[in-house]
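Engineer:
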Amino acid sequence: MLKFSKMHGLGNDFVVIDAIEQTVELTSSQIQFLSDRRFGVGCDQLLLVEKPQTAEADFRYRIFNADGGEVAQCGNGARCFARFVRDKGLTTKDTIAVETASGLIYPTLQADGSVTVDMGKPIFEPAKIPFQAEEATTYMLTIGEHGKKEIAAVSMGNPHAVMLVDDVTVAPVLELGPLIESHERFPERVNAGFMQIVDSDSIRLRVFERGAGETSACGTGACAAVVSGIKRGLLNTMVTVSLPGGDLQISWPDQDASVWMTGPAQHVFDGEIAWATIKQH
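Per the numbering used here, the sequence shown starts with residue 7, numbered consecutively.
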């Protein structure tokens, strides 16, 4: 039997698997099966907790989207990861050094149950996002019959395109999201964020995530939206981001420093599934 936990951060949900106490090897099709909400367990992403590969880290954190593809970072997942390793007795630390494909992150468990994560420095250099363009604050992106749309492009360990909209409630997220996600100028695909500025201290946001579709919340998307707004002089350094699943607090006090994210991490249930069932896929 494969043991797992179901968790979520503001409705962005995860199957979290301890790959330290049990041996875990999953193919892309098996991850798709586990992520399927009708035939499997159901989740936006599957998270693996592994032993670190470097001396500086306490754990290694791997993220797989529902389509089976591995990605480098997930902010809501990072909070759930920290809550998982603490609740399962894998660590007693409040601040945990976690190795990801995009570098070390340091989630801190707060007394009120929330988790604060040092998300690292945002990356604006197009070649490192990656995005095909010369560096600028914003870019014009031609999206088929929809014509040119202005976006900001930034990486928070994974690539994001952020578009300003007047009202996220009626924004064409499901229409434009897939077209932006697979746009040829983003060779590794991209998460598409639709940001409404409420005032200089708060925004509303919807995110169409690559490989997962629109999710209830996206931590790296919230960070990307806020830093893009700060870069344009539209937002202050501490911003409340209201997503369909709830609120995150994002802080970027210094443009030469890390972005900080604080939000909840909720355990839903623990379960087991037979390996024989998984191996059929």
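Glycine is no exception: its CB is placed at the ideal position from the N, C-alpha and C atoms.
The structure displayed is predicted, hence computed values, not measured ones.
Drop a sphere of 10 angstroms on the beta-carbon of A72, count the other beta-carbons inside from all chains shown, and report buried for 16 or more, exposed for fewer.
Structural biologist: In the sequence shown, the residue the question calls residue 72 occupies position 66. A72 is buried by the Cβ-count criterion.
Engineer: Helix, strand or coil: how does DSSP classify V155 here?
Structural biologist: Residue numbering aside, residue 155 sits at position 149 when the sequence shown is read from its first letter. In the sequence as displayed, the identity of residue 155 is Lys instead of Val. Residue state, collapsed to three classes: strand.
Engineer: Looking at the structure shown, is W258 part of a helix, part of a strand, or coil, going by DSSP?
Structural biologist: As a working mapping, residue 258 is identified with position 252 in the sequence shown. Of the three classes helix, strand and coil, the one that applies to W258 here is coil, per DSSP.
Engineer: What alpha helix (DSSP H) runs, 4 residues minimum, are completely inside the segment 175-236?
Structural biologist: Counting whole runs of 4 or more residues, the segment 175-236 contains the alpha helix (DSSP H) stretches 179-187.
Engineer: Under the three-state reduction of DSSP, which class applies to D73: helix, strand or coil?
Structural biologist: For the purposes of this step, residue 73 is taken as the residue at position 67 of the sequence shown. In the structure shown, D73 sits in coil (DSSP, three-state: anything other than H, G, I, E or B).
Engineer: Give the DSSP-derived three-state secondary structure of K2 in the structure shown.
Structural biologist: Residue 2 cannot be examined here, being either before or after the span of the chain that is shown, 7 to 287.
Engineer: Is the beta carbon of Q59 less than 8 Å from the beta carbon of E105?
Structural biologist: Position 53 of the sequence shown holds residue 59. Position 99 of the sequence shown holds residue 105. Against a cut-off of 8 Å, the Cβ pair of E105 and Q59 comes out as a contact.
Engineer: Ignore the nearest five residues each way along the sequence and tell me which others in P193's own chain have a CB closer than 8 Å to its CB.
Structural biologist: On the sequence shown, residue 193 is found 187 positions in, with the first residue counted as 1. Closer than 8 Å at the Cβ level, and outside the excluded window around P193, lie P136, Q138.
Engineer: Quick check on L240: does DSSP put it in helix, strand or coil?
Structural biologist: Your numbering for residue 240 matches position 234 in the sequence shown. Reduced to three states, the DSSP call for L240 is coil.
Engineer: Per DSSP, what kind of secondary structure is G150 in: helix, strand or coil?
Structural biologist: Taking the sequence shown and counting its residues from 1, the one referred to as residue 150 is at position 144. G150: helix per DSSP, three-state reduction.
Engineer: Which residues does DSSP list as the beta-bridge partners of F20?
Structural biologist: Numbered from 1 along the sequence shown, position 14 holds the residue referred to as residue 20. DSSP lists M13, Q51 as partners of F20.
Engineer: Quick one: is D19 buried, meaning 16 or more other Cβ sit within 10 Å of its Cβ, or exposed?
Structural biologist: Residue numbering aside, residue 19 sits at position 13 when the sequence shown is read from its first letter. Buried.
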